[in-house]
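Visitor: Attaching a single structure in structure tokens format; questions to follow.
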Ligand code: AMP
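Numbering (my numbering), first residue to last: 2 to 201.
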């Protein structure tokens, strides 16, 4: 199974990705976690991107794409992936589709976790993870989400393999919703006909 989780910071992507990974025996790949790990370990990627991550800005597409290639290919070989935090822009989605469809590993479903801004801000302030969870940076990250990622949702809108779930529910309810929708999709059989993720 190959899944995408799309949602604003604080929407619960990490929590749900972890649950889906366990449920379907697939690998959870979080672009944000991987990037933060590079920053912590002060790798050359980490040094290049620290300022972006700390400011709540998106890291350049090429860096993210290069970083994800190996883990995604490895995940596909061991049963599939749930990608959390990628793609985040229309350009990333288009570039990833090109690469993934050539390899036969394009996504089968995209889940949009929908949570209103006031709830996102409440959750992010409570989480207080680090440099990118201060009040100022949170506001900026939500702005970046609106500017860069909402257009991605518009771009995917109307595809049968993309659906929205109410992310204000309890984690258990969100998980049940997602699983129910995935079951419906599976019945529809996304492996037939047009590949999921394709632009049109
Ligand atoms: P996240 O934990 O997914 O909210 O990501 C934390 C930070 O990592 C973001 O604020 C960005 O700076 C960076 N990041 C994560 N995923 C991406 C991506 N797909 N494209 C660009 N930057 C990303």
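C-beta atoms are modelled at their ideal positions from N, C-alpha and C, and glycine is treated no differently.
1. Residue range of the beta strand (DSSP E) that residue 3 falls in?
2. If you reduce the DSSP assignment to three classes, tell me which class residue 31 lands in.
3. In the DSSP assignment, the alpha helix (DSSP H) including residue 16 goes from what residue to what residue?
4. Once the 5 residues before and after residue 1 are set aside, which same chain residues still bring their CB inside 6 Å of it?
5. Taking 8 Å as the cut-off, is the CB of residue 152 close to at least one heavy atom of the ligand AMP?
6. Give the straight-line distance between the Cα atoms of residue 111 and residue 74, rounded to the nearest whole angstrom.
7. Inspect the beta-carbon positions of residue 59 and residue 47 and report whether they are closer than 9 Å.
8. Three-state secondary structure (DSSP) at residue 87?
9. Which same chain residues, not among the five before or five after residue 93, have their C-beta less than 6 Å away from its C-beta?
10. May I ask you to check if the CB of residue 108 is nearer than 8 Å to at least one heavy atom of the ligand AMP?
11. Any heavy atom of the ligand AMP closer than 8 Å to the beta-carbon of residue 10?
12. Which term fits residue 82, buried or exposed, when burial requires 16 or more other beta carbons within 10 angstroms of its beta carbon?
Guide: Concretely, from the data shown:
1. Where residue 3 is concerned, the enclosing beta strand (DSSP E) stretches over 3–8.
2. Residue 31 sits in a strand when the DSSP states are folded into three classes.
3. Its alpha helix (DSSP H) spans residues 14–25.
4. There is no way to answer for residue 1, as the model of the chain reaches only from 2 to 201.
5. For the ligand AMP, not one heavy atom lies less than 8 Å from the Cβ of residue 152.
6. Straight-line spacing of the CA atoms in residue 111 and residue 74 works out to 18 Å.
7. No Cβ-Cβ contact shorter than 9 Å links residue 59 with residue 47.
8. Coil, per DSSP.
9. Beyond the five residues adjoining it in sequence on each side, residue 93 comes within less than 6 Å, by CB distance, of 62 in the same chain, given in chain order.
10. Incorrect: residue 108 has no Cβ contact closer than 8 Å to the ligand AMP.
11. It does: the Cβ of residue 10 is within 8 Å (strictly closer) of some heavy atom of the ligand AMP.
12. Result: buried.
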